[in-house]
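Worksheet: one structure, shown below.
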Amino acid sequence: MESRSTTTVIVVLLIVFTFPIWVGIAGGLLGLIAGLIGGVIGIIGGVIGAIGAAIGGLIGGLFNWGFNWHWPFGFFHAHTFTIVLIAIIIVLISRSRKI
1 MESRSTTTVI
11 VVLLIVFTFP
21 IWVGIAGGLL
31 GLIAGLIGGV
41 IGIIGGVIGA
51 IGAAIGGLIG
61 GLFNWGFNWH
71 WPFGFFHAHT
81 FTIVLIAIII
91 VLISRSRKI
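full-length UniProt numbering applies: residue 1 is where the sequence shown begins, and numbers increase by one.
Given below as structure tokens:
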């Protein structure tokens, strides 16, 4: 009977003394999982932002929205040229469908 109680006491002491280690390991694993999930969300957000920036850059470059800093001097603003170019493209596309 004495060996059973000694074994129980040793197991209880082992669990009590190693409890902080197990809590630390569990917290570390939880932090690792949360960090990986946050990293994946960050990568997805970065890709969406890059796609939005590419689309915005193309549209902004097409309509020359990139240099509107309201300086007294300026770059050649090609708004009329852009509108005429879009009209020509629309006319060419509509004529090619009729043929």
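Quick reminder that beta carbons are idealized off the backbone N, C-alpha and C, glycines included.
Nearest-angstrom Cα separation, counted from residue j out to residue i
{"i": "Ile48", "j": "Leu58", "result": "15 Å"}
{"i": "Leu30", "j": "Val40", "result": "16 Å"}
{"i": "Trp22", "j": "Ile15", "result": "9 Å"}
{"i": "Arg97", "j": "Ile86", "result": "17 Å"}
{"i": "Arg4", "j": "Gly27", "result": "33 Å"}
{"i": "Gly24", "j": "Leu36", "result": "18 Å"}
{"i": "Ala54", "j": "Arg95", "result": "30 Å"}
{"i": "Leu93", "j": "Gly38", "result": "The sequence shown places Ile at residue 93, not Leu. Cα to Cα, the separation comes out at about 46 Å."}
Beta-carbon proximity list for residue i, same chain, < 8 Å, skipping 5 on both sides
{"i": "Ile33", "result": "none"}
Does the stretch 45-65 come close enough to the stretch 76-91 to have 3 or more Cβ pairs within less than 8 Å?
Remark: three or more beta-carbon pairs, one from each stretch, lie closer than 8 Å, so the stretch 45-65 and the stretch 76-91 are flagged as touching.
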